[in-house]
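Participant: Position 247 of the sequence shown, counted from 1, bears residue number 314 in our numbering, the numbering being contiguous throughout. We put the beta carbon where it would ideally sit given N, CA and C, even for glycine.
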Amino acid sequence: MMESVIKIGDVNIFISGENNYSERPVIIFLHESLGCTVLWRDFPAKLAEKTKCNILVYDRQGHGRSDPFISDKRKNDYMEDEANTLIELMQECQIKNAILFGHSDGGTIALLAASKYPSKISGVITEGAHVFAEEVTLNGIRKTVESFHSTDLKKKLMKYHGDKTESVFYAWADKWLSDEFRNWNIEHMLPDIQCPVLVIQGEHDEYGSIKQIDAIVNQVSGPAFKYIIPYTGHTPHKKIAEEVLKRSAEFINNLK
Numbered sequence: 068m069m070e071s072v073i074k075i076g077d078v079n080i081f082i083s084g085e086n087n088y089s090e091r092p093v094i095i096f097l098h099e100s101l102g103c104t105v106l107w108r109d110f111p112a113k114l115a116e117k118t119k120c121n122i123l124v125y126d127r128q129g130h131g132r133s134d135p136f137i138s139d140k141r142k143n144d145y146m147e148d149e150a151n152t153l154i155e156l157m158q159e160c161q162i163k164n165a166i167l168f169g170h171s172d173g174g175t176i177a178l179l180a181a182s183k184y185p186s187k188i189s190g191v192i193t194e195g196a197h198v199f200a201e202e203v204t205l206n207g208i209r210k211t212v213e214s215f216h217s218t219d220l221k222k223k224l225m226k227y228h229g230d231k232t233e234s235v236f237y238a239w240a241d242k243w244l245s246d247e248f249r250n251w252n253i254e255h256m257l258p259d260i261q262c263p264v265l266v267i268q269g270e271h272d273e274y275g276s277i278k279q280i281d282a283i284v285n286q287v288s289g290p291a292f293k294y295i296i297p298y299t300g301h302t303p304h305k306k307i308a309e310e311v312l313k314r315s316a317e318f319i320n321n322l323k
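Rendered as structure tokens:
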């Protein structure tokens, strides 16, 4: 895939993509809270092949090959800020017809972008997205913090984030586990989402309950479809990639 760095404000953002299909939409992939472009592996390219769509993946600030955070302290509405950055990125890349595929935090950012900028998004696929804080999410994060201290998780993340690893990890964990974030909730923004939405979640997602998927499907204004995958956790696109590719391609190919 073609790689480049673009400037959004004062921040250098790493992007990668393929533009093989004229007059076709661009699927933009939004990674998870500890993710980056590389961790999508070949999933975007395979979805592009199945849908004949163009693709763009990018590292949010603090992640992968993009610039580090200016501050490790995040605001409660940091994902809204990321939705605004996404729209700026689309403008910089001259993307006018976008479909968003977001995993975890990336899924939440995709929903926020579709809510705030409905005319710019033609479809959304979320996987393990959150629209409110709940105890199962916080317990999952607490276990990940333990793993960061007691296993080789930090070493694995350093492969992708380098010397930004601790800042990206604690920016995420500290915010979600803070007292001020316990009441975080974006359900009031869901009715502004008018485009079709496919909501994917593993039945045994260690970071969120089925209440998340029901909240999204029941409150968006556009057509909404849910796909609960049995015996699967937080990353279905890695664990059962072919099934997620199939469902996602069917959804995208049915978009008008």
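Count the CB pairs spanning the stretch 193-201 and the stretch 242-261 that are closer than 8 Å, and state whether there are at least three.
Facilitator: The stretch 193-201 is in contact with the stretch 242-261.
Participant: What do you get for Gly173, buried or exposed, if any count of 16 or more other CB atoms within 10 angstroms of its CB means buried?
Facilitator: In the sequence shown, residue 173 corresponds to position 106, counting from 1. With 16 or more Cβ atoms within 10 Å of its Cβ, Gly173 is classed as buried.
Participant: Checking the sheet assignment: what are the DSSP bridge partners for Leu167?
Facilitator: Along the sequence shown, one-based indexing puts residue 167 at 100. Looking at the DSSP assignment, Leu167 forms a beta bridge with Ile95 and Val191.
Participant: Based on the DSSP output, what are the partners of Ile260 in its beta bridges?
Facilitator: Residue mapping note: residue 260 aligns to position 193 of the sequence shown, counting from 1. Note: Ile260 sits in no beta bridge, so no partner.
Participant: Helix, strand or coil: which one does DSSP assign to Asn206?
Facilitator: By 1-based counting over the sequence shown, the position of residue 206 is 139. Here Asn206 sits in helix by DSSP.
Participant: Report the residue ranges of all alpha helix (DSSP H) runs contained in full by the stretch 104-174; include only those spanning at least 4 residues, in chain order.
Facilitator: Runs found: 110-118 and 145-159.
Participant: Our contact map puts Gly169 next to His228 with C-beta atoms below 8 Å; I'd like the distance itself, whole angstroms only.
Facilitator: Residue 169 sits at position 102 when you count from the first residue of the sequence shown. Residue 228 sits at position 161 when you count from the first residue of the sequence shown. No, Gly169 and His228 are not in contact; Cβ-Cβ is about 19 Å, not under 8 Å.
Participant: Here's a check: name, in chain order, each residue in its chain whose Cβ is nearer than 6 Å to the Cβ of Glu12, leaving out the five neighbours to either side.
Facilitator: No information on residue 12 is available, as it lies outside the stretch 68 to 323 that the chain covers here.
Participant: Please report the distance separating the alpha-carbon of Lys140 from that of Leu224.
Facilitator: Taking the sequence shown and counting its residues from 1, the one referred to as residue 140 is at position 73. Taking the sequence shown and counting its residues from 1, the one referred to as residue 224 is at position 157. Going by the C-alpha atoms only, they are around 20 Å apart.
Participant: Starting from the C-beta of Val212, find all residues in its chain whose C-beta is less than 7 Å away, skip the five residues before and the five after it, and write them out in chain order.
Facilitator: Residue numbering aside, residue 212 sits at position 145 when the sequence shown is read from its first letter. Contacts found: Ala240.
Participant: Tell me the DSSP bridge mates of Asn79?
Facilitator: By one-based count along the sequence shown, residue 79 stands at place 12. Bridge partners of Asn79: Lys74.
Participant: Can you confirm whether Val191, when its beta carbon is compared against all beta carbons of chain D, has any partner nearer than 8 Å?
Facilitator: Within the model displayed, chain D is absent; a lone protein chain is all it includes.
Participant: So the alpha helix (DSSP H) Ala308 belongs to, where does it begin and stop?
Facilitator: Start at 1 with the first residue of the sequence shown, and residue 308 comes out as number 241. Unbroken alpha helix (DSSP H) run through Ala308: Ala308 to Asn320.
Participant: Please report the distance separating the alpha-carbon of Asp109 from that of Ser83.
Facilitator: As a position in the sequence shown, residue 109 is number 42, starting the count at 1. As a position in the sequence shown, residue 83 is number 16, starting the count at 1. Asp109 and Ser83: Cα-Cα distance of roughly 12 Å.
Participant: Using 8 Å as the cut-off, can you tell me whether the stretch 308-319 makes contact with the stretch 259-272, which would need three or more C-beta pairs spanning the two stretches below that distance?
Facilitator: In short, these stretches touch, since the Cβ pair count reaches three.
Participant: Relative to the alpha-carbon of Val284, which residue among Ile192, Leu101 and Asp126 has its alpha-carbon at the smallest distance?
Facilitator: As a working mapping, residue 284 is identified with position 217 in the sequence shown. The option with the nearest alpha carbon to Val284 is Ile192.
Participant: Pull up the CB-CB distance for Asn121 and Asn86, whole angstroms please, since I reckon it's below 8 Å.
Facilitator: Here residue 121 is taken as the residue at index 54 of the sequence shown, counted from 1. Here residue 86 is taken as the residue at index 19 of the sequence shown, counted from 1. The Cβ separation is near 5 Å, so the contact holds.
Participant: Just the Cα atoms here: how many angstroms apart are Met68 and Ala112?
Facilitator: The residue given as residue 68 occupies position 1 in the sequence shown. The residue given as residue 112 occupies position 45 in the sequence shown. C-alpha separation (whole angstroms): 9 Å.
Participant: Between the alpha carbons of Trp107 and His98, how many angstroms are there, rounded?
Facilitator: Counting from 1 along the sequence shown, the entry for residue 107 is found at position 40. Counting from 1 along the sequence shown, the entry for residue 98 is found at position 31. Going from the Cα of Trp107 to the Cα of His98 covers about 8 Å.
Participant: Under 8 Å, do Pro185 and Gln261 count as touching if we go by C-beta distance?
Facilitator: On the sequence shown, position 118 is the one that residue 185 refers to. On the sequence shown, position 194 is the one that residue 261 refers to. Yes, the pair counts as a contact, with Cβ atoms nearer than the cut-off.
Participant: From the DSSP output, which residues share a beta bridge with Ile277?
Facilitator: Position 210 of the sequence shown, counting from 1, holds the residue named residue 277. Answer is none; Ile277 lacks a bridge partner.
Participant: Any idea what DSSP makes of Met68, helix, strand or coil?
Facilitator: Here residue 68 corresponds to residue number 1 of the sequence shown, with the count starting at 1. Three-state result, Met68: coil.
Participant: When you compare each of Leu167, Cys103, Asp134 and Ser100 to Ala115 by their alpha carbons, which one comes out closest?
Facilitator: Position 48 of the sequence shown holds residue 115. Measuring from the Cα of Ala115, the nearest candidate turns out to be Leu167.
Participant: Helix, strand or coil for Ile283 per DSSP?
Facilitator: Position 216 of the sequence shown, counted from the first residue, corresponds to residue 283. Three-state result, Ile283: helix.
Participant: For Ile304, count neighbouring C-beta atoms within 10 Å of its own C-beta (all shown protein chains included) and say buried if the count is 16 or more, exposed if not.
Facilitator: Within the sequence shown, residue 304 is the residue found at index 237, counting from 1. Checking the sequence, you will find His at residue 304 rather than Ile. It counts as buried.
Participant: How far does the beta strand (DSSP E) with Phe292 in it extend, from its first residue to its last?
Facilitator: Taking the sequence shown and counting its residues from 1, the one referred to as residue 292 is at position 225. It spans Ala291 to Ile296 - the beta strand (DSSP E) in which Phe292 sits, taken as one unbroken run.
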